[in-house]
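J.: Residue numbers (the numbering used here): 508 to 1020. No residue lacks a Cβ here, since even glycine has one placed at the ideal position from N, Cα and C.
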């Protein structure tokens, strides 16, 4: 059940403080709240819930605001609730009408917030926030120029709006930067031996729980040889650089112990024991262990070292190894994402997959998504070499888009033309560094460097939320920079006793800043 709360756009002047005073309009959280279209997002969010069934859910502003605060401050769920209890600006950002000493929600609610706001919903909110934020910044700057005094007592005109020709839709505008990366998850570095040992210990605990149910019928507990299996595992795991023959022997031993344990579990089930009675998580782990044993047997008895949908974690079986080929980390374990960055520096999540894929296949979809967002195709697509396939080149040529990189065929005989092409390629490479900077910002400043959520849907929500917060930081930066530039121009005009040049007509816009 969901009850929509009217009037979410609360003014910070009306925010009640029990100890007196009022909030400052220059605070970063107050400015961020103005850049987000809460009412528009609330209308879309409320349509997903029933109006007359179940307990009322938390407001959308509280759910999305809590996720934004968490990713922006990089704190845990428990620390987030404590920060909200102590900070009136955070409570205003969540849409509360006044300061309260009690926590607005329990830390466990953050899990439900992430589940209720999946990756697709966050991506839609990201596009709406960027679009609304640009409009809000333009309105704020134009509003600041409504009644300024230029020193002569005259009132200068408002910022000039774009002409009808400028508003007319164009076929090609702007630059599109695209690339892909891996977002590592918080798991132990997986090895075949350690995974099998963890699976064996899990089956031993499951046998203990299931034997309690049929002790009178089954008799003695099935034999597991857990001490011997533990010694065999430690004999190899404690060595710094064990030989491959020793590792292979230990893997075979663990597989045989696991096969015996799985047979004992089948025998307990035949006598009336139930896996679900021990707990739903045991049933899920048993399915994962059965698939792990099947994969490891294929790898043990064959010469291949790779297998499709390889399990690298028992608690997070959706994670797959992603081969990157980097010097520091040749293989990472997590989700692979493809993002696109527009020329004005806003990043969008175009694809998230837990299975490895060729990112060169995403270029056509990313260009079409750019056209859907902006209403026109980009002039240039800056991408690395893996995107420059013949199919992608033909697609870009068909739509009048220039794809970065050298063209196919032999170089021209004209040295001036060759030098010009090299200069263009170098400029494109420099522009493409912007998407690498977004990866660095997400992994160093925000949570893309290590995703700690355990479920696939909550991890997807966190990854998409990090990109949304990065765009909010960009909007806040634009707001501060453009206002500072406008005030500088205004003061210069007042000092020179002449009318100020409109900011838009002077060439300073959101795209250029």
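Is the Cβ-Cβ distance between residue 717 and residue 772 less than 8 Å?
T.: yes
J.: Does the pairing of the stretch 612-622 with the stretch 571-580 give three or more beta-carbon distances under 8 Å?
T.: yes
J.: Which class does residue 524 belong to by DSSP, given the choice of helix, strand or coil?
T.: coil
J.: Should residue 940 go down as buried or exposed, given a rule of 16 or more other Cβ atoms within 10 Å for buried?
T.: exposed
J.: My output table needs one value for residue 605: the three-state DSSP class, helix, strand or coil.
T.: strand
J.: Excluding sequence positions up to five away, which residues of its chain have a Cβ less than 6 Å from the Cβ of residue 829?
T.: 689, 839, 843 and 863
J.: I'd like to know if the stretch 708-716 and the stretch 726-741 are in contact, where contact means that at least 3 CB-CB pairs between them fall below 8 Å.
T.: Flag = yes, the stretch 708-716 and the stretch 726-741 touch.
J.: Since residue 762 contacts residue 802 with CB under 8 Å, what's their CB separation in whole angstroms?
T.: The beta-carbon separation of residue 762 and residue 802, rounded to 11 Å, does not stay under the 8 Å limit for a contact.
J.: Got a sec, what are the start and stop residues for the alpha helix (DSSP H) residue 1021 sits in?
T.: The requested residue 1021 is not part of the displayed model; the chain covers only 508 to 1020.
J.: Return the first residue and the last residue of the alpha helix (DSSP H) that residue 898 is part of.
T.: 897-905
J.: Taking Cβ to Cβ, would you say residue 819 is nearer than 8 Å to residue 831?
T.: no
J.: If you drop the 5 nearest sequence neighbours on each side, which residues of the same chain put their C-beta closer than 8 Å to that of residue 876?
T.: These residues qualify, in order along the chain: 847, 855 and 857.
J.: Let's test the definition: count the other Cβ atoms within 10 Å of the Cβ of residue 904 and tell me whether it reaches 16, buried, or not, exposed.
T.: exposed
J.: How should residue 600 be labelled, buried or exposed, when 16 other C-beta atoms within 10 angstroms of its C-beta is the threshold for buried?
T.: buried
J.: How many Å lie between residue 744 and residue 800 at the Cα?
T.: 19 Å
J.: Would residue 737 pass as an interface residue toward chain C - the criterion being a Cβ-Cβ separation below 8 Å?
T.: The structure shown contains no chain C, having only a single protein chain.
J.: Just to confirm the assignment, what range does the alpha helix (DSSP H) spanning residue 935 have?
T.: 922-951
J.: Quick one: grab the DSSP three-state call for residue 847.
T.: Residue 847 falls in the strand class under three-state DSSP.
J.: Given this structure, state the Cα-to-Cα distance separating residue 567 from residue 547, to the nearest angstrom.
T.: 11 Å
J.: Output yes or no for whether 8 Å exceeds the beta carbon distance between residue 821 and residue 702.
T.: Less than 8 Å separates the beta-carbon of residue 821 from that of residue 702.
J.: Restricting to Cα atoms, I'd like to know which of 741, 766, 769 and 587 is closest to residue 757.
T.: That would be 741, whose Cα lies nearest to the Cα of residue 757.
J.: How about residue 538 and residue 989: do their beta carbons lie closer than 8 Å?
T.: With contacts defined by Cβ atoms closer than 8 Å, residue 538 and residue 989 do not form a contacting pair.
J.: Alpha helix (DSSP H) containing residue 965: first to last residue?
T.: Segment 963-1002, the alpha helix (DSSP H) holding residue 965.
J.: Going by alpha carbons, who is nearest to residue 963 out of 581, 860 and 787?
T.: 860
J.: Out of 767, 751, 727 and 625, state which residue places its alpha-carbon closest to the alpha-carbon of residue 706.
T.: 767
J.: For residue 764, is the classification buried or exposed, using 16 other Cβ atoms within 10 angstroms of its Cβ as the cut-off for buried?
T.: With 16 or more other CB atoms across the displayed protein chains lying within 10 angstroms of its CB, residue 764 is buried.
J.: Please classify residue 1019: does DSSP put it in a helix, a strand, or coil?
T.: Legend: pLDDT at residue 1019 = 42, less than 50; position of this residue unreliable, value from coordinates given subsequently. Three-state DSSP puts residue 1019 in coil, outside helix and strand.
J.: Determine which residues share a DSSP beta bridge with residue 798 and list them.
T.: Note: residue 798 sits in no beta bridge, so no partner.
J.: What first and last residue would you give for the alpha helix (DSSP H) that runs through residue 595?
T.: 595-600
J.: Can you give me the start and stop residues for the beta strand (DSSP E) that residue 612 sits inside?
T.: It is not in any beta strand (DSSP E) - residue 612 carries neither H nor E in the DSSP assignment.
J.: Within the same chain, show all residues whose beta-carbon is closer than 7 Å to that of residue 582, passing over the 5 residues directly before and after it, in chain order.
T.: 590
J.: With 16 as the cutoff for other CB atoms within 10 Å, does residue 887 come out buried or exposed?
T.: buried
J.: Look at the Cβ atom of residue 975, then the Cβ atom of residue 633, and state whether they are nearer than 8 Å.
T.: yes
J.: Applying the 10 Å Cβ sphere with the 16-neighbour rule, what's the burial state of residue 916?
T.: exposed
J.: If I'm right that residue 932 touches residue 912 with Cβ under 8 Å, what's the distance once you round it to whole angstroms?
T.: 6 Å
J.: Taking all protein chains shown into account, do 16 or more other C-beta atoms lie within 10 angstroms of the C-beta of residue 616, making it buried, or fewer, making it exposed?
T.: buried
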